[in-house]
Amino acid sequence: MVRLLYQFILSLFLQRDAVLKIGPGRKDQLTLQQCFSNVFISGMIGSGKTTGICANLALGLYGHPSRPGALILCQKPDESARHIAYMRQTGRLADLIHVKPGGRWRINLLDSELSARGGGVESAKALLGVIMEAANRNRQRTSSDSYWPESSERQMGYAMALIQMAGLVVGFQEVLEFCQSLPNSPEQFKDPKWRQTSSAAKIVLAASMNCSETRAFKMAWEWFSTEWPELSEKTRSIIQSVTLNTLDKLLSNRFADLITGETTFTAEKALRDGKLVIFDVPGAVYGPPAQWAAVAVKLLFQRAAMRRSLKEPCRPFIFYTDEAANFCVPELDAMFLSQSRQFKCICINVIQNIPLAVTALGSSEAARHQVQAWTSNHATVIGCENSDPETNKLLSNFAGEVTEVTFGGSSGTSQPFDIVSDFLGQPQGNISASWNQVFRPALPPDAFVSLSKGGKSKIVQAYVFQSGRRFSNGNTFIRAQFRQRF
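Sequential numbering of the sequence shown, starting at 52, is according to this note's numbering.
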């Protein structure tokens, strides 16, 4: 009943496919189809972007007749409560999957990727690689440093392969226990006592009984029996420390049970049934490991979305991330953003400003280029009040430039110009005039400094840009107003 009432009220103001009113004109609306080309929102702290634009956009999307699913990643502790309120207003509480410490919903990330259609050991290894990249993005690295995470990723890949071949469920805990019990030397590998007590040895024995003739087992056996024990002690200990540190940070937090062990929901089911998944493990509360886990969850859902059959109708699915730079994997996100429309996915990325995004990705020149590539993959850009010059200049560039004719002149006499004398033909001295055609920003950067932030007026202002579109004001941008929703 609540949902039907909300849709009726929405239909009074919006077209059927519209999710957000962005201007006074009848067609100044943001539609679901336009959202498939992704939405980028920026605004400084206190600009009203969360309670204004984001709140109204979320309500419009959750209440859309197509009943889209969603994955909401939380950086702040109050974010889940806001989205649950939006779901309540739009009659979507029955579709909620609230993943939080102590809750019923869990997803074993590694086992889900290993058992997914089109998944496997290599894609699960890549999932671990993404976690390691997110964990090390702010560290100064040399060209040789990539050897250690790549070797660690390879170690965990063989561990996952052997555990799976043994017929066991693969999780972070199982991989950790396997790696901790590996042989430290060729002599230990041959020791009967070690073989009786090592969980790794028992897993390899079980795997050999099931898959001894497969190429995957033969490669894993060669690594387990020869390559790993024969590594130098220093090399082996560094690889081992990278592996154990990564797994330990994920498993030593209160949210560990949410991403390993028993699975109670899958990404594929959430996509198919239009579930609204809130991964409520805020980085502000649980620290960097929570962000790494959220990045892995996002990648798992992205892959599930891209594995959907396009021959059948696909339910829309939303990827919503506030403080989005904390959950960004530049190369993978750029690829997904460029294809998301095809797979009926809507990516909504919200940040404060460009410098903060660059800092989150490592503060390097490469990080700056990655942020530029990332932002350019959003067809709809919304800029709220902002005091950052770099962000405002970027948004100003989205509006383009206009031409303006300027005039100038000078007089060679000390007497002021007399139009009557000039008309009568009396000399006025040497007079020159000039004019030039110049380009200037259609929307100056300082226009974002004075936008309304809400507060007493409860009205948040923002400039909206959309590629390939002119609004009712004749421009490629329009100043929109949104009512704050607390």
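C-beta atoms are modelled at their ideal positions from N, C-alpha and C, and glycine is treated no differently.
task = Could you tell me if leucine 63 is buried or exposed, where buried requires 16 or more neighbouring beta carbons within 10 angstroms of its beta carbon?
result = Confidence is the limiting factor: at leucine 63 the pLDDT is only 48, short of 50, which leaves the residue's position unreliable, though a coordinate-based value still follows. Looking at its Cβ environment, which holds fewer than 16 other Cβ atoms inside 10 Å, leucine 63 is exposed.
ask   = Could you give the residue range of the alpha helix (DSSP H) that holds histidine 429?
value = Taken as a continuous stretch (DSSP letters only), histidine 429 belongs to no alpha helix (DSSP H), as it is neither H nor E.
Assumed close pair phenylalanine 352, isoleucine 399 - CB separation to whole angstroms, cut-off 8 angstroms = Contact between phenylalanine 352 and isoleucine 399 does not hold, since the beta-carbon distance rounds to 14 angstroms and is not under 8 angstroms.
inquiry  = Let me check understanding here. Comparing Cα to Cα, which of Asn428, Leu179, Ala106, Val255 lies closest to arginine 133?
reply    = Checked all of Asn428, Leu179, Ala106, Val255; the closest Cα to arginine 133 is Ala106.
The beta strand (DSSP E) enclosing glycine 120, as first and last residue numbers = That run of the beta strand (DSSP E) goes 120 to 124.
inquiry  = Applying the 10 Å Cβ sphere with the 16-neighbour rule, what's the burial state of lysine 507?
reply    = By the neighbour-count criterion, in which a residue is buried when 16 or more other Cβ atoms sit within 10 angstroms of its Cβ, lysine 507 is exposed.
key: 7 angstroms Cβ shell around leucine 179 - same chain, five flanking residues per side excluded   = The beta carbon of leucine 179 is closer than 7 angstroms to those of Glu204, Met207 in its chain, skipping five residues each way along the sequence.
request  = Would you kindly check if the distance between the Cβ of valine 150 and the Cβ of glycine 111 is under 7 angstroms?
outcome  = The Cβ-Cβ distance between glycine 111 and valine 150 does not fall below 7 angstroms.
ask   = Where does the unbroken beta strand (DSSP E) through leucine 81 begin, and where does it stop?
value = Run containing leucine 81: 80 to 82, per the beta strand (DSSP E) assignment.
message = By the DSSP assignment, the alpha helix (DSSP H) with arginine 205 in it spans what residues?
response = Element bounds for arginine 205: 198 to 216.
Extent of the continuous alpha helix (DSSP H) to which lysine 285 belongs = Lysine 285 -> alpha helix (DSSP H) spans 284 to 302.
message = What does DSSP give as the partner residue(s) for aspartate 129 in the beta ladder?
response = None; aspartate 129 has no bridge partner.
ask   = Cβ of alanine 355 within 7 angstroms of Cβ of glutamate 319?
value = Yes, these two residues count as a Cβ contact at 7 angstroms.
query = Three or more C-beta pairs closer than 8 angstroms, one from the region 442 to 456 and one from the region 413 to 421: is that the case here?
reply = By the Cβ test, the region 442 to 456 is not in contact with the region 413 to 421, since fewer than three Cβ pairs between them sit closer than 8 angstroms.
request  = Leaving aside the five residues before and after glycine 97 along the sequence, list all residues of the same chain whose C-beta is less than 7 angstroms from its C-beta, in chain order.
outcome  = Lys504.
key: Sheet register partners of isoleucine 148 (DSSP bridge)   = DSSP output for isoleucine 148 lists Val328 as bridge partner(s).
ask   = Hey, out of Glu184, Thr457, Thr442, whose CA is closest to valine 500's CA?
value = Checking every option, the nearest Cα to that of valine 500 belongs to Thr442.
query = With DSSP run on the structure shown, which of helix, strand or coil describes phenylalanine 449?
reply = Helix, per DSSP.
key: Rounded separation between serine 197 and alanine 376 - CA only   = In this model, serine 197 and alanine 376 are separated by some 23 angstroms (Cα to Cα).
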